[in-house]
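Everything below concerns the one structure shown next.
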Amino acid sequence: MRASGILLPISSIPSSYGIGTFSKEAYEFVDFLEEAGQRYWQILPLGPTGYGDSPYQSFSTFAGNPYYIDLEKLIEDGILTKEQCEACDWGGSLEYIDYEKIYRSRFKVLKIAFENSGIERNEDFRNFVESNAHWLEDYALYMAVKDSFEGVSWIEWDEDIRLRKDCALSSYKEKLKEEILFYEFQQYLFSIQWMKLKKYANDKGIKIIGDIPIYVAFDSADTWANPELFQFDENGLPTGVAGCPPDSFSATGQLWGNPLYRWDYHKETGFAWWVERIAYCFKLYDVVRIDHFRGFDEYYNIPYGDKTAEFGKWEKGPGFELFKVLKEKLGSRQVIAEDLGFLTPSVIKLVKKTGYPGMKILQFAFDSREESDYLPHNYTQNSVVYTGTHDNDTTVGWFRSIGRKDRSFAKRYLSIRSNKEVEWVFIRAALSSVSDTAVIPMQDYLGLGGEARINTPSTLGDNWKWRMTKDQATKELAQRIFGMCKLYGRIRQTEGTFHG
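The sequence shown maps to residues 2 to 501 in this note's numbering.
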């Protein structure tokens, strides 16, 4: 079934108080998606962001980001006041997030809401804590202890709690019980608000495409609470870390720094942690895009402490066995395999064997030096096509920056006669392709340049900041998107019914 969707992170929604949230504007964006005839809303990972504000470096693979809690709903509930929210500095821009100010203000007002909530007497809250104890207990304790050590990573904590000795765990749970309750409160609010928004989208025939990183952050509750899952030495330090080798994009490769999995241990446990993780993802999302899918076939192991990714080596991942177990335990689920980059015959074989659609990126197609698998005439139906992803420049920004020969090739291939609204030529190429699903970043529909880029890989300090403004998602734009998607057979045949 041909379909289309739009990629827009929650953080980029034009809500009040400095960052996108599960607010009325998020519901309005769902209405926009419906008017535009879309069947999918793709978002970025929802976890609490850590180092560099990246959603791919989260303090927990299960927890939600408290930045996304709608404060206006808490004002309606009477546990916050508008004056308390407006007294905080959320940053001066409607188009960009100021994470430092969000960090300083968000937890301050959430703490006020917590103190006014009487949450420990709420039966729904107690049920939530109990049913999510398998991850929430460790996460809430982890964050409370982390705060008590002024935010440093667990590897720098006192040895007794770093190594999770029973007496230390008991002591910190008692000493920090109020802080632990505060973090449980945040996760309860996140869950209630997100599931309500997801239901609203689903009821309108729109499915949520979630995004999960293959790896977890070293500074996370996952690594502290479950060190046996990772390649750590006796001191709790990684023996190797994740990344990518040098290529034409980066002479020294990409050093991500995430700990690597002990795949032999995961196999011994029947991949229990992965089954639990993916099952939980399918409570949050309808479709799951798994980042860096190649790492399941082979992963790049860089010696811990190296400053670049130049001296890593490839090692064997779990291969198809993991996905066989996932299917046995969870049934057939909708998964997108992020299979970008240099692909060996074995990873191509793995993606094909799983049956998951891979990804096609139009911006990768126009290298004038070689024939590319990313050119639309090479696509297969079982694929998801994007003009670009969160890691690419916007189409307008990219087209302006590429070399003369590549631009000339793109112009000849797509019959581009003018640079006016060039983004719509690329959108048309994606929507008209044979790929079953086409997902277009919202910035491309808005015709924005490099100023609206979400992320530049291997850089810090200027990423994950762009936000849409309230006047941009217009009815006229929705109608234009609807018209083009209808032209290429990507609109629901029956209004309000999803054919997946």
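Beta carbons: idealized from backbone N, C-alpha and C, even for Gly.
Answer with buried or exposed for His500, where buried requires no fewer than 16 other C-beta atoms within 10 angstroms of its C-beta. Note that His500 scores a pLDDT of 31, beneath 50, so its modelled location is shaky; the value from the coordinates is reported in the next line. Classified as exposed, His500 has fewer than 16 neighbouring CB atoms from the shown chains inside 10 Å of its CB.
For His378, count neighbouring C-beta atoms within 10 Å of its own C-beta (all shown protein chains included) and say buried if the count is 16 or more, exposed if not. By the 10 Å Cβ count, His378 comes out exposed.
Please tell me whether His293 and Ile210 are closer than 8 Å, where the distance is taken between their beta carbons. His293 is not a Cβ neighbour of Ile210, given a cutoff of 8 Å.
List the residues that DSSP assigns as beta-bridge partners of Glu299. DSSP, once it has assigned bridges, lists Lys317 as partnering Glu299.
Where does Asp340 land, buried or exposed, given buried means 16+ other C-beta within 10 angstroms? Burial call: buried.
Applying the criterion that 16 or more other CB atoms from any shown protein chain within 10 Å of the CB defines a buried residue, is Tyr266 buried or exposed? A residue is called buried once 16 or more other Cβ atoms fall within 10 Å of its Cβ, and Tyr266, having fewer, is exposed.
In whole angstroms, what separates the C-alpha of Tyr325 from that of Val348? In the sequence under discussion, the amino acid at residue 325 is Lys, which differs from the Tyr named in the question. Straight-line Cα distance between these residues: approximately 16 Å.
Over the uninterrupted beta strand (DSSP E) stretch that includes Thr438, give me the two end residues. Counting along the chain, the unbroken beta strand (DSSP E) around Thr438 starts and ends at 438–442.
Buried or exposed for Asp463, please, with buried defined as at least 16 other CB atoms from any protein chain shown within 10 angstroms of its CB. Around the beta-carbon of Asp463, fewer than 16 other beta-carbon atoms lie within 10 Å, marking it exposed.
At what residues does the beta strand (DSSP E) containing Asp212 begin and finish? Asp212 -> beta strand (DSSP E) spans 208–213.
Which residues mark the beginning and the end of the beta strand (DSSP E) in which Tyr41 is found? Bounds of the beta strand (DSSP E) holding Tyr41 are 41–43.
Assuming Tyr375 and Phe365 make a contact with CB atoms under 8 Å, what is their CB distance in whole Å? The distance from the Cβ of Tyr375 to that of Phe365 is about 4 Å, consistent with a contact at the 8 Å cut-off.
Going by C-alpha distance, which of Gly244, Leu327, Gly271 is nearest Tyr281? Selected option, being the one with the closest Cα: Leu327.
Among Trp425, Gln194, Gln232, the one whose alpha carbon lies nearest that of Glu316: Taking only the C-alpha atoms, the option nearest Glu316 is Gln232.
Okay, do the region 380–394 and the region 440–452 touch, 3+ Cβ pairs below 8 Å being the bar? A contact between stretches requires three or more CB pairs, one per stretch, nearer than 8 Å, and the region 380–394 meets this requirement with the region 440–452.
In the DSSP assignment, find the beta strand (DSSP E) that holds Ile76 and state where it starts and stops. Run containing Ile76: none in the beta strand (DSSP E); it sits in the alpha helix (DSSP H), 72–77.
Proximity winner among Arg405, Arg370, Ala453, Thr438, relative to Leu398 (alpha-carbon distances): In the sequence on display, residue 398 carries Gly and not Leu. Shortest Cα-Cα distance from Gly398 to any of Arg405, Arg370, Ala453, Thr438 involves Ala453.
Could you name the residues that DSSP lists as bridge partners for Gly6? Gly6 is bridged to Tyr41, Val440.
Closest to Gly320 by CA distance: which of Glu35, Arg334, Tyr300 is it? Between Gly320 and the set Glu35, Arg334, Tyr300, the nearest pair of CA atoms involves Tyr300.
According to DSSP, what are the bridge partners of Ile337? Residue pairing for Ile337: DSSP places it in a beta bridge opposite Arg290.
Measuring CA to CA, which of Ser251, Pro247, Gly258 is closest to Gly241? Gly241 has its Cα closest to that of Gly258, out of Ser251, Pro247, Gly258.
Between Asp90 and Arg107, what straight-line distance do the alpha-carbon atoms span, to the nearest angstrom? The alpha-carbon atoms of Asp90 and Arg107 are separated by roughly 10 Å.
DSSP three-state label for Pro67, please. In the three-state DSSP reduction, Pro67 falls in the helix class (H, G or I).
Quick check for students: name the residue ranges of the alpha helix (DSSP H) that lie wholly in the region 356–417, counting only runs of 4 or more. Scanning the region 356–417 for uninterrupted alpha helix (DSSP H) segments of 4 residues or longer gives 396–402, 405–415, listed from N- to C-terminal end.
Rounded to the nearest angstrom, what separates Phe191 and Asn133 at their Cα positions? Between Phe191 and Asn133, the alpha-carbon positions lie close to 13 Å from each other.
Do you know whose CA, among Lys350, Leu72, Ser433, Asp368, lies nearest Leu488's CA? Checking every option, the nearest Cα to that of Leu488 belongs to Ser433.
Which of helix, strand or coil DSSP assigns to Ser59: DSSP places Ser59 in strand when its eight states are reduced to three.
What do you reckon, are the CB atoms on Ala141 and Ile181 nearer than 8 Å? Cβ distance < 8 Å, so Ala141 and Ile181 count as in contact.
Straight-line CA distance for Arg418 to Gly450? C-alpha of Arg418 to C-alpha of Gly450: approximately 19 Å in a straight line.
Neighbourhood of Leu198 by C-beta distance below 8 Å, restricted to the same chain and skipping five residues each side: Cβ neighbours of Leu198 beyond the five flanking positions: Phe23, Ala27, Tyr28, Val31.
Tyr85 and Ile103 look like a contact to me (Cβ under 8 Å); what is the Cβ gap, rounded to whole Å? It is Gln, not Tyr, that sits at residue 85 in the sequence shown. The Cβ separation is near 16 Å, so there is no contact.
To which residues of the same chain is Lys314 closer than 6 Å at the C-beta, ignoring the five residues directly before and after it? Spatial neighbours of Lys314 in its own chain (CB-CB distance under 6 Å, excluding positions within 5 residues in sequence) are listed in chain order as Asn302.
Are the CB atoms of Glu96 and Arg468 nearer to each other than 8 Å? Taking 8 Å as the Cβ cut-off, Glu96 and Arg468 qualify as a contacting pair.
Between the C-alpha atoms of Lys174 and Asp78, what's the straight-line distance to the nearest angstrom? Cα to Cα, Lys174 sits roughly 29 Å from Asp78.
Would you call the CB atoms of Tyr189 and Phe129 closer than 8 Å? Going by beta carbons, Tyr189 and Phe129 fall inside the 8 Å limit.
Using a threshold of 8 Å, state whether the C-beta atoms of Tyr100 and Asp54 are closer than that. Yes; because the gap between Cβ atoms is below 8 Å, this pair is in contact.
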